[in-house]
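Asks: To start, I am sharing the structure in question, which I have written as structure tokens.
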């Protein structure tokens, strides 16, 4: 292990020791062979180390067996993340990678009772204070109209015309399991009916309805995004179709001169919101030059 990684981990343990008690929480993310997702995950981890290390003790990275190079697995493990691989039939749908959550949470036997799932394309903006839903699941603050995509009218009615974004999901693991038990069946039943881009998300909502699990958008001061923008958010999700965010992802996926590329993008024609987001990414990279 390099001295730089060792120093970061030592600093992390000292900060953890200041915590009054361990959080009753595991954090889980997934990534596949796509270098954009892998490098986004690395940035997420580094931003947590920098801004909110007290939540970091139990962070799991799930990936499909054989899809991620061992060098990346070792580097992310050196930062304190616990990598776990599972076999997965992706069926030409990259979003199926999230089904690794079922494999992981259905066999979870640890002491922690709550799970926070994050898509890798998040960045921590400030210390994250976790509150737990008493019932149901909290999902992304971004909610779209289900009728805006190709959807059967009855399904629009059943789901109250809401397409929940599950880039973030927080809830008790037992509640998670109630939804996961129906998720893959719902996915198979909706295949060919719902566009692939939205398929696993809509299937998740259907599975929650079948399990009588209520889903509610998380507060925008916890998770912000370009649709529900909040400069006071603890987490920012830069997924979706924002052109600057999409360009930023291409830059980090190239794995070369990332900070320089983001600075150049920042100097271009960006809105105030986009500049704010890029400044956060650049700040994380600048703080962790030896680890990127």
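Residue numbers (the working numbering): 264 to 555.
For glycine and all other residues, C-beta sits at the position ideal for the given N, C-alpha and C.
1) Hey, would you say residue 484 sits closer than 9 angstroms to residue 496, going by beta carbons?
2) With DSSP run on the structure shown, which of helix, strand or coil describes residue 314?
3) My guess is that residue 306 and residue 547 are in contact by the Cβ rule of under 8 angstroms, so how many angstroms apart are they, rounded?
4) Check residue 433 in the structure and name its three-state DSSP category.
5) DSSP three-state label for residue 524, please.
6) Given this structure, state the Cα-to-Cα distance separating residue 476 from residue 470, to the nearest angstrom.
7) Going along the chain, which residues of its own chain have a beta-carbon closer than 8 angstroms to the beta-carbon of residue 478, five neighbours each way excluded?
8) Can you list, in chain order, the stretches of the alpha helix (DSSP H) that have 4 or more residues and sit fully within the stretch 413-479?
9) Please return the same chain residues whose Cβ sits closer than 7 angstroms to the Cβ of residue 510, not counting the five positions on each side in sequence.
10) In whole angstroms, what is the alpha-carbon distance linking residue 473 and residue 320?
11) Could you tell me if residue 359 is buried or exposed, where buried requires 16 or more neighbouring beta carbons within 10 angstroms of its beta carbon?
12) Buried or exposed for residue 430, please, with buried defined as at least 16 other CB atoms from any protein chain shown within 10 angstroms of its CB.
13) Give the secondary structure of residue 298 by DSSP, where H, G and I count as helix, E and B as strand, and everything else as coil.
14) Span of the alpha helix (DSSP H) holding residue 516?
15) Is it the case that the stretch 401-415 contacts the stretch 453-464, given that we only count it when at least three CB pairs across the two stretches are under 8 angstroms?
16) Which whole runs of the beta strand (DSSP E) in the stretch 372-409 are 3 residues long or more, in chain order?
17) Just verifying my parser: in three-state terms, what is the DSSP assignment at residue 325?
18) For residue 438, which residues in the same chain have their Cβ closer than 7 angstroms to its Cβ, ignoring the five residues on either side in sequence?
19) What's the C-alpha gap between residue 356 and residue 543?
20) For a test of the three-state rule: what should DSSP assign to residue 288, helix, strand or coil?
21) Just curious, the beta strand (DSSP E) that residue 347 is in, first and last residue?
22) Express the C-alpha separation of residue 410 and residue 325 in angstroms, rounding to a whole number.
23) Might you give, ordered along the chain, the residues of its own chain that have their beta carbon closer than 6 angstroms to the beta carbon of residue 508, omitting 5 neighbours on each side?
24) What are the boundary residues of the alpha helix (DSSP H) that includes residue 572?
25) For the beta strand (DSSP E) holding residue 614, just list the boundary residues, first then last.
26) List the DSSP bridge partners of residue 488.
27) I think residue 432 touches residue 380, with their Cβ atoms under 8 angstroms apart; what is that distance to the nearest whole Å?
28) Compare the Cα-Cα distances from residue 227 to each of 512, 388, 440 and report the closest residue.
Replies: On the basis of the supplied data:
1) On the chain shown, residue 484 is found 221 positions in, with the first residue counted as 1. On the chain shown, residue 496 is found 233 positions in, with the first residue counted as 1. For residue 484 and residue 496, yes; Cβs fall inside 9 angstroms.
2) As a working mapping, residue 314 is identified with position 51 in the chain shown. Note: residue 314 maps to helix in three-state DSSP.
3) As a first step, residue 306 is located in the chain shown; it is residue number 43 there, counting from the start. As a first step, residue 547 is located in the chain shown; it is residue number 284 there, counting from the start. Indeed, because the Cβ distance is near 6 angstroms, the residues count as touching under 8 angstroms.
4) On the chain shown, position 170 is the one that residue 433 refers to. Of the three classes helix, strand and coil, the one that applies to residue 433 here is strand, per DSSP.
5) For this step, residue 524 is matched to residue 261 along the chain shown. Residue state, collapsed to three classes: helix.
6) By 1-based counting over the chain shown, the position of residue 476 is 213. By 1-based counting over the chain shown, the position of residue 470 is 207. Distance between the alpha carbons of residue 476 and residue 470: 9 angstroms.
7) Mapped onto the chain shown, residue 478 falls at position 215. Hits under 8 angstroms: 399, 400, 401, 402, 427, 468, 471.
8) 416-421, 436-453, 459-473
9) Mapped onto the chain shown, residue 510 falls at position 247. So the qualifying residues of the chain are 528.
10) For the purposes of this step, residue 473 is taken as the residue at position 210 of the chain shown. For the purposes of this step, residue 320 is taken as the residue at position 57 of the chain shown. The straight-line gap from Cα to Cα measures roughly 33 angstroms.
11) Your numbering for residue 359 matches position 96 in the chain shown. Looking at its Cβ environment, which holds 16 or more other Cβ atoms inside 10 Å, residue 359 is buried.
12) As a first step, residue 430 must be located in the chain shown, where it is residue number 167. By the neighbour-count rule (16 or more Cβ atoms within 10 Å), residue 430 is buried.
13) Stepping through the chain shown from its first residue, residue 298 is reached at position 35. The answer is helix: DSSP assigns residue 298 an H, G or I state.
14) Stepping through the chain shown from its first residue, residue 516 is reached at position 253. First-last of the alpha helix (DSSP H) with residue 516: 506-516.
15) yes
16) 377-381, 385-387, 400-402, 406-408
17) Taking the first residue of the chain shown as 1, we reach residue 325 at position 62. Three-state result, residue 325: strand.
18) Indexing the chain shown from 1 puts residue 438 at position 175. Cβ within range, chain order: 399, 400, 476.
19) Reading the chain shown from its first residue, position 93 is the one you call residue 356. Reading the chain shown from its first residue, position 280 is the one you call residue 543. Going by the C-alpha atoms only, they are around 30 angstroms apart.
20) Position 25 of the chain shown holds residue 288. Note: residue 288 maps to strand in three-state DSSP.
21) To locate residue 347, count along the chain shown from 1; it is residue 84. Unbroken beta strand (DSSP E) run through residue 347: 345-349.
22) Taking the chain shown and counting its residues from 1, the one referred to as residue 325 is at position 62. Taking the chain shown and counting its residues from 1, the one referred to as residue 410 is at position 147. Cα to Cα, the separation comes out at about 32 angstroms.
23) For the purposes of this step, residue 508 is taken as the residue at position 245 of the chain shown. For residue 508, where only same-chain residues beyond five positions count, the Cβ hits under 6 angstroms are 501.
24) With the chain running from 264 to 555 in the structure shown, residue 572 is simply not present.
25) The structure shown does not extend to residue 614, since the chain is modelled only from 264 to 555, so the question has no answer here.
26) By 1-based counting over the chain shown, the position of residue 488 is 225. Beta-bridge pairing links residue 488 to 500.
27) For this step, residue 432 is matched to residue 169 along the chain shown. For this step, residue 380 is matched to residue 117 along the chain shown. Contact holds; Cβ gap of about 4 angstroms.
28) As displayed, the chain neither begins before 264 nor continues past 555, which places residue 227 out of reach and without an answer.
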